[in-house]
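Report on the structure given below.
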Amino acid sequence: MKTVPKGAYPAMLTPFTLDGAIDYPAVKRLLKWYNDCGCTGVLALCASSETTHLSLEERIELGKFIMENKGNLTIIISGHVSDTLEDQLTELNAMAALKPAALCLIVSRLNQNNETEDEFIVNIQTIMDGLDDKEIPLGFYEWPGPQNRSLSEKILKFCADTERFVFLKETSCRTEVIRAKIKAVEGSNFGIYNANSTLLLESLKDGAAGFCGIMGNYHADLYQWLCDNFEKYPKEAERLSDYLGVMSAVTDHYPAAAKYCQHLYGAEMTTYCRKMDGLNMSEQNLYRVRQMETVANELRAWLKTL
Numbered sequence: 042m043k044t045v046p047k048g049a050y051p052a053m054l055t056p057f058t059l060d061g062a063i064d065y066p067a068v069k070r071l072l073k074w075y076n077d078c079g080c081t082g083v084l085a086l087c088a089s090s091e092t093t094h095l096s097l098e099e100r101i102e103l104g105k106f107i108m109e110n111k112g113n114l115t116i117i118i119s120g121h122v123s124d125t126l127e128d129q130l131t132e133l134n135a136m137a138a139l140k141p142a143a144l145c146l147i148v149s150r151l152n153q154n155n156e157t158e159d160e161f162i163v164n165i166q167t168i169m170d171g172l173d174d175k176e177i178p179l180g181f182y183e184w185p186g187p188q189n190r191s192l193s194e195k196i197l198k199f200c201a202d203t204e205r206f207v208f209l210k211e212t213s214c215r216t217e218v219i220r221a222k223i224k225a226v227e228g229s230n231f232g233i234y235n236a237n238s239t240l241l242l243e244s245l246k247d248g249a250a251g252f253c254g255i256m257g258n259y260h261a262d263l264y265q266w267l268c269d270n271f272e273k274y275p276k277e278a279e280r281l282s283d284y285l286g287v288m289s290a291v292t293d294h295y296p297a298a299a300k301y302c303q304h305l306y307g308a309e310m311t312t313y314c315r316k317m318d319g320l321n322m323s324e325q326n327l328y329r330v331r332q333m334e335t336v337a338n339e340l341r342a343w344l345k346t347l
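And the structure:
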């Protein structure tokens, strides 16, 4: 059965120049940073990537560049934002042609009319039938926002039984829901990747495959360490989890704040965003990011002593 490796998958940013164009040298620096952090992979062309503010041509060009400069990263690509299934298939086939490790379907795009479980499953089958590549591994992304839904056990079991689905970015932020999803796909190659930092460790203990979230753009190496070592160092994992949970509250002005954080790490990029004013963050916000990364550096020093 096809699968993708367990671990940390940051929700990838899209750097822009000050005039709003995609900054490809900065994209390359960002990919190097993810690699240097030891990340298993990234989720590209997602909400953090400001995908709804990219044209299809830009998404294709950016996706191709990411694949060509991925290094050791496992690339999961989303990138369909249209309303009709027909237009979505045009987008998805373009993304699939880039040959990512998995093609990630956005839940809300298949749920625009608050479909019943059976209707939602029909939409899944329509997408699968309409893909030119009948073998590419698939995923689902519970993109927070209008029309999003937490996938039910019935839907997840359907996906698992196809043996095509390998990745779910889970965003319910509820332990009992995450636990039920893990159980629903038990024994399959369908991995559940928790987006919630506070509940990550608990979900890993329950059998989640890893992390996929926005905080991977601040200190991805700490999330990768937790995914890799929570069983080997249980007490230390609990302590790290406590810090990561509190630090995850520092999300004001995202994704601009994350771009500022990348600048601190040397993956230089502007804080320009297409979805928001990223150039005028408050002084307090900038201080918080720097303070958070001071704590992250102290945690890194501590982990090196183990």
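Here the numbering used here = 1-based position in the sequence shown + 41.
Built from N, CA and C at the ideal position, the CB exists for glycine as well.
All figures in this text were calculated on a predicted structure; none of them were measured in a lab.
- Across the set Leu245, Lys198 and Arg215, the C-alpha of Lys198 shows the shortest separation from the C-alpha of Ala225.
- In this structure, the alpha-carbon of Glu91 lies about 13 Å from that of Ile118.
- For Cys268, the enclosing alpha helix (DSSP H) starts and ends at Gly257 to Asn270.
- Contact between Leu126 and Asn164 holds: CB atoms are separated by about 7 Å, below the 8 Å threshold.
- The alpha carbon of Met317 has as its nearest neighbour, out of Leu72, His294, Ser123 and Thr44, the alpha carbon of His294.
- A direct Cα-to-Cα measurement between Met333 and Asn237 gives close to 17 Å.
- Cys80 is not bridged by DSSP to any residue.
- DSSP, read as helix, strand or coil, puts Asn235 in strand.
- A residue is called buried when at least 16 other Cβ atoms come within 10 angstroms of its Cβ; Pro296 meets this threshold and is buried.
- Around the C-beta of Ser323, fewer than 16 other C-beta atoms lie within 10 Å, and the residue is accordingly described as exposed.
- Excluding five sequence positions before and after Thr58, the CB atoms of its chain that fall closer than 6 Å to its own CB belong to Asp64, given in chain order.
- Excluding residues up to 5 positions away in sequence, Ala250 and Gly251 lie with their Cβ nearer than 6 Å to the Cβ of Lys47 in the same chain.
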